[in-house]
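For the sequence shown, position 214 matches number 213 in numbering that gives the first Met the number 0, and the numbering has no gaps at all. For every residue, glycine included, the Cβ atom is placed at its ideal position computed from N, Cα and C. All values reported here derive from a predicted model rather than from experimental measurement. To keep things clear, I will list the structure first and then write my remarks on it.
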Amino acid sequence: MDTRFLGIPELTEVPSVAVVVDVMRAYTVAAWAFAQGAEKIVLAGSLDEALALKAAHPTWVALKDGPPAPGFDTVNSPGLLRSTDLGGRTVVQKTTAGTVGALAVKDASLVLCASFVVAEATAEVLRTRGGDSITFVVTGEDGRADEDLACAQYIARRAADPRTEATEYLTRAADSRAAHELTEGIREGVHPDDVSLCLELDRFPFAMLATSEESLMTLRRYEGSTP
Ligand SMILES: O=C(O)[C@H](CS(=O)(=O)O)OP(=O)(O)O
Ligand SMILES: [Mg+2]
0 MDTRFLGIPE LTEVPSVAVV VDVMRAYTVA AWAFAQGAEK IVLAGSLDEA LALKAAHPTW
60 VALKDGPPAP GFDTVNSPGL LRSTDLGGRT VVQKTTAGTV GALAVKDASL VLCASFVVAE
120 ATAEVLRTRG GDSITFVVTG EDGRADEDLA CAQYIARRAA DPRTEATEYL TRAADSRAAH
180 ELTEGIREGV HPDDVSLCLE LDRFPFAMLA TSEESLMTLR RYEGSTP
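If you want it as structure tokens, here you go:
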């Protein structure tokens, strides 16, 4: 199998199968949103687009990274989201790295968004649908964010060998720059439990599949075998 690990600036071709990884925190947050009942997540390309979608659909929940901001309902924090009821709601998500990475591969034939909380479910989709070539988009720090690279490498290994152990990959993520910045309060819009929530292996049994719906990149939970 041809497996590549690329940062967003290195995406010069449309991949066939793309796994977009953002551990801290976009795709941990997205998984929590589904766990809290969200029906779908629209991935916005800019803050202005997110606000325009919210204005056009006032019942949608607009979410951004960093500090709270006017027009947005909440922030990119799993610790904060886990006490929010999102039953049947549509979430609009805009973050610095994660949502940008998914939009960068929107023309791929299969796009999965992933983090440690959905690692095994994602690996299982790759075992059945991954084909010969998989591109992992390491969204943070232009491909150098070790929490994202470690998770991507773990999912790739796990897809090939379900006996792969997670410990060394989780240890790298726990020691990443993002983990330290979240812990030390350098990043904003943070709950004290965010880092530990981002390191919960296989917290959720579903994968997350992104497709274009009415020209919007839309993420849904996926538990079947045929995306
Ligand atoms: O919310 C996050 O953790 C980051 C943004 S920042 O580094 O906190 O400013 O966004 P993401 O796209 O989820 O990596
Ligand atoms: Mg990140």
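Exercise. Are the beta-carbon atoms belonging to Val19 and Leu148 less than 9 Å from one another?
Worked result: Taking the first residue of the sequence shown as 1, we reach residue 19 at position 20. Taking the first residue of the sequence shown as 1, we reach residue 148 at position 149. Contact flag unset, no.
Problem set entry | For Arg220, the first and last residue of its enclosing alpha helix (DSSP H) | On the sequence shown, residue 220 is found 221 positions in, with the first residue counted as 1. Careful: Arg220 lies outside any alpha helix (DSSP H), inside the beta strand (DSSP E) at 215-221.
For this session: Would you list, in sequence order, the uninterrupted alpha helix (DSSP H) runs of no fewer than 4 residues that lie entirely inside the stretch 13-45?
Result: 25-34
Exercise. Hey, is His23 close to ligand 1, as in C-beta under 8 Å from one of its heavy atoms?
Worked result: Against the sequence shown, residue 23 aligns to sequence position 24. The amino acid at residue 23 is misidentified as His; the sequence shows Met. Indeed, a heavy atom of ligand 1 lies less than 8 Å from the Cβ.
For this session: Measure the CB-CB distance between Leu169 and Leu200 and report whether it falls below 9 Å.
Result: Counting from one through the sequence shown, the residue named residue 169 turns up at place 170. Counting from one through the sequence shown, the residue named residue 200 turns up at place 201. When the beta-carbon positions are compared, Leu169 and Leu200 come within less than 9 Å of each other.
Exercise. Would you call Met23 buried or exposed, if buried means 16 or more other Cβ atoms sit within 10 Å of its Cβ?
Worked result: For this step, residue 23 is matched to residue 24 along the sequence shown. With 16 or more other Cβ atoms within 10 Å, it is buried.
Exercise. Would you call the stretch 150-158 and the stretch 106-125 in contact, with 3 or more CB pairs under 8 Å?
Worked result: Result yes; three or more Cβ-Cβ pairs closer than 8 Å.
For this session: Compute the minimum distance between the beta carbon of Glu146 and the heavy atoms of ligand 2, and state whether it is under 8 Å.
Result: Translated into the one-based positions of the sequence shown, residue 146 becomes position 147. True, at least one ligand heavy atom lies under 8 Å from that Cβ.
For this session: Compute the distance between the beta-carbons of Leu79 and Ala61, then report whether it is under 9 Å.
Result: Within the sequence shown, residue 79 is the residue found at index 80, counting from 1. Within the sequence shown, residue 61 is the residue found at index 62, counting from 1. Not a contact, by the Cβ cut-off of 9 Å.
For this session: Under the assumption that Ser76 contacts Gly188 (Cβ atoms under 8 Å), give the Cβ distance between them as a whole number of angstroms.
Result: As a working note, residue 76 is residue 77 in the sequence shown. As a working note, residue 188 is residue 189 in the sequence shown. That pair is a contact at about 6 Å.
Exercise. What do you reckon, is the C-beta of Asp141 under 8 Å from a heavy atom of ligand 1?
Worked result: Indexing the sequence shown from 1 puts residue 141 at position 142. No, Cβ of Asp141 sits at least 8 Å from all heavy atoms of ligand 1.
Exercise. To the nearest angstrom, how far is it from the Cα of Thr27 to the Cα of Glu146?
Worked result: As a first step, residue 27 must be located in the sequence shown, where it is residue number 28. As a first step, residue 146 must be located in the sequence shown, where it is residue number 147. If you take the alpha carbons of Thr27 and Glu146, they lie about 12 Å apart.
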